[in-house]
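Remarks on the structure that follows.
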Amino acid sequence: MSKRWGAFAVVLSAVILLPLAARGEGAAAAAARKQATEMYQALVRGDLETFVGYMHPTITEMMGGKAKAIETTRKAMAASAAQGLTATKATVAPVQQLVQVAPAKLQVIIPADVIMSGKDAEVRQRSFLLGFSSDGGKTWKFVDSGSSGGDALRKVIPECSPALKIPPRSKPEVIRRGASAH
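Count along the sequence shown starting at 1, add 875, and that's the number in the working numbering.
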């Protein structure tokens, strides 16, 4: 009878516990995507306090703290606006990769696009966000993969899991009104 119970317990674990674990990862991935979307929507709205609040703390520190990070971002947006480009739209794709690095520590890769609009064209910048959570996926902090990808990012943020395949940011795509050009 104990052998039957043992087999039943294994089946019960597979039927009950595995879907719960999968739902947990699904919830973590959904939270990461939602918060990445909030981050980029804040950028488009010009809510730099919220945008910088989602940045990985190492990046914020490197920029001189939250106030300096906000000011640097504001200046970069003003420089783009002076060239006739303003952020008008941002989209965040589903999580591309999720890695558990410790019991409550998760990391994700999320593709994202920011659209900058100008008088005669739009510029779409595809990038990849690396997200970090230390509370099981409830809250996330992000850093852009940059144009160099994983190796350069790991030098700045060594806690990046070696299991993550971190792609570099793509070259911007210029979309002329009525035509597409790269």
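Cβ coordinates follow ideal geometry from the N, Cα and C atoms, glycine included.
Exposed or buried, which one is S1008 when buried takes at least 16 other CB atoms within 10 Å?
S1008 comes out buried.
Would you mind reading off the limits of the alpha helix (DSSP H) that contains S955?
Counting along the chain, the alpha helix (DSSP H) containing S955 begins and ends at K941 to A957.
Of all the options I1050, A1038 and R1029, which has the alpha carbon lying nearest to the alpha carbon of I934?
If we check each option's Cα against that of I934, R1029 comes out closest.
Whether L1005 touches L1039 by CB criterion (8 Å)
Pairing L1005 with L1039 gives a Cβ-Cβ distance under 8 Å.
In this structure, what does DSSP give as the bridge partners for G1006?
G1006 is bridged by DSSP to V983 and F1017.
Straight-line gap, A1062 to E936 (C-alpha atoms, nearest Å)
Residue 1062 cannot be examined here, being either before or after the span of the chain that is shown, 876 to 1057.
Figure out for me which residue from R908, K950, K994 and F1003 has the closest Cα to the Cα of G1021.
Ranking the options by Cα distance to G1021, first place goes to F1003.
Among the residues of its own chain, which have a CB less than 7 Å from the CB of A957, if the five just before and after it don't count?
When the five nearest sequence neighbours on each side are left out, no beta carbon in the same chain lies closer than 7 Å to the beta carbon of A957.
For S992, write down the residues that DSSP places opposite it in a beta bridge.
In DSSP, S992 forms a bridge with T961 and E997.
Between which two residues does the beta strand (DSSP E) carrying R1051 extend?
In the DSSP annotation of this structure, the continuous segment of the beta strand (DSSP E) that includes R1051 starts and ends at E1048 to R1051.
Assigned exposure category for R949 - 16 Cβ within 10 Å defines buried:
R949 should be labelled exposed.
Sheet register partners of A1038 (DSSP bridge)
In the DSSP output, where bridge partners are listed per residue, A1038 has none listed.
With a threshold of 16 other CB atoms inside 10 Å of the CB of A965, please say whether the residue is buried or exposed.
Label assigned to A965: buried.
Measure the C-alpha to C-alpha separation of V1049 and A942 and round it to an integer number of angstroms.
So the two alpha carbons sit approximately 32 Å from each other.
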